[in-house]
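J.: Just add 11 to wherever you are in the sequence shown, counting from 1, and you've got our numbering. Using N, Cα and C, we set each Cβ at its ideal position, and we do this for glycine too. A quick note: this is a predicted structure, and the numbers were derived from the prediction, not measured. First the structure, then my questions, so here it is.
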Amino acid sequence: MARKIQVSVDHDVCVGNAMCVTIATKAFKLNADRQATPADPDGDTEALILEAAENCPVAAITVTDGDTGEQLFP
Ligand code: SF4
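Structural data, given as structure tokens:
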């Protein structure tokens, strides 16, 4: 079974270019301020979520293992 993934977005640096939303369409959504927010982390694979985080131009996304708290990205 896939491990539980948690994501967070630093709104102090997110520039709202929607790259993460395009890659991991379920795990992220844009809020009314056009900044990414975590949505359904179970909706996308861990690989897709990590790919989204890696492609954020301002490194706003942190990915952790929801069970152990281990930081997976960055
Ligand atoms: S890719 Fe990064 S900067 Fe772009 S919307 Fe997502 S979190 Fe914000």
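Going by beta-carbon coordinates alone, are Ile16 and Glu57 separated by less than 8 Å?
T.: The answer is yes: Cβ separation under 8 Å.
J.: Rank Ser19, Asp78, Asp53 by C-alpha distance to the C-alpha of Leu41 and give the top, closest one.
T.: For the residues Ser19, Asp78, Asp53, the minimum Cα distance to Leu41 belongs to Ser19.
J.: Can you list, in chain order, the residues of its chain whose CB lies under 6 Å from that of Ala63, leaving out five sequence neighbours each side?
T.: Within the same chain, Ala63 has close Cβ partners Cys31, Ile34, Ala35.
J.: Please report the residue range of the alpha helix (DSSP H) in which Val20 lies.
T.: Counting along the chain, Val20 falls outside any alpha helix (DSSP H), though it belongs to the beta strand (DSSP E) covering 16–20.
J.: Quick one: grab the DSSP three-state call for Ala43.
T.: Ala43: coil per DSSP, three-state reduction.
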